[in-house]
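Numbering (the numbering used here), first residue to last: 2 to 123.
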């Protein structure tokens with residue numbers, strides 16, 4: 002499971018780009034144009050006084066991410082806590098399973114209590 006989760010985190014950007022395909026190409030072209038012309042007066046793109054996002058040098062508040070759709074993934078600290086927790090869970094699961102199997106393998110005579118005395122009828 003952990004290997005699949007790590008692989009998903011590392012590959013989700015490529016998968017999402019495949020799903021979106023060329024649907025965002027026109028928007029990406031416009032965003033690239035805005036990014037090229039936002040730094041000041043070479044073509045005259047102005048969006049009001051200060052722009053939509055309020056930052057004069059970044060009128061659309063893109064913060065350098067000038068694409069229509071993107072997925073950004075990273076492995077944070079919690080991910081590295083998950084690995085030893087999974088190892089502990091596997092070890093404990095193995096110990097409990099072995100204990101249960103050893104009890105089930107015993108003959109019934111070892112597990113049976115002393116037979117009850119049956120009342121005699123007179």
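Note that the Cβ used here is the ideal one computed from N, Cα and C, for glycine as well. These numbers come from a predicted model, not from an experiment.
In whole angstroms, what separates the C-alpha of residue i from that of residue j?
i, j, result
"residue 9", "residue 107", "44 Å"
"residue 32", "residue 26", "10 Å"
"residue 14", "residue 24", "16 Å"
"residue 35", "residue 18", "22 Å"
"residue 98", "residue 76", "32 Å"
"residue 7", "residue 91", "18 Å"
"residue 80", "residue 72", "18 Å"
"residue 94", "residue 105", "17 Å"
"residue 85", "residue 5", "16 Å"
"residue 30", "residue 78", "36 Å"
"residue 37", "residue 67", "10 Å"
"residue 87", "residue 100", "20 Å"
For residue i, which three-state DSSP category applies?
i, result
"residue 14", "helix"
"residue 26", "helix"
"residue 7", "helix"
"residue 69", "coil"
"residue 1", "With the chain represented from 2 up to 123, any question about residue 1 goes unanswered, as that position is not in the structure."
"residue 77", "coil"
"residue 46", "Its pLDDT being 48, under 50, residue 46 is placed unreliably by the model, and nothing is read from it."
"residue 107", "coil"
Throw me the rounded Cβ distance for the residue i and residue j pair, which I believe falls under 8 Å.
i, j, result
"residue 69", "residue 28", "4 Å"
Taking residue i as the reference, which of the options has the closest Cα?
i, options, result
"residue 74", "87, 12 and 95", "12"
"residue 3", "67, 83 and 103", "83"
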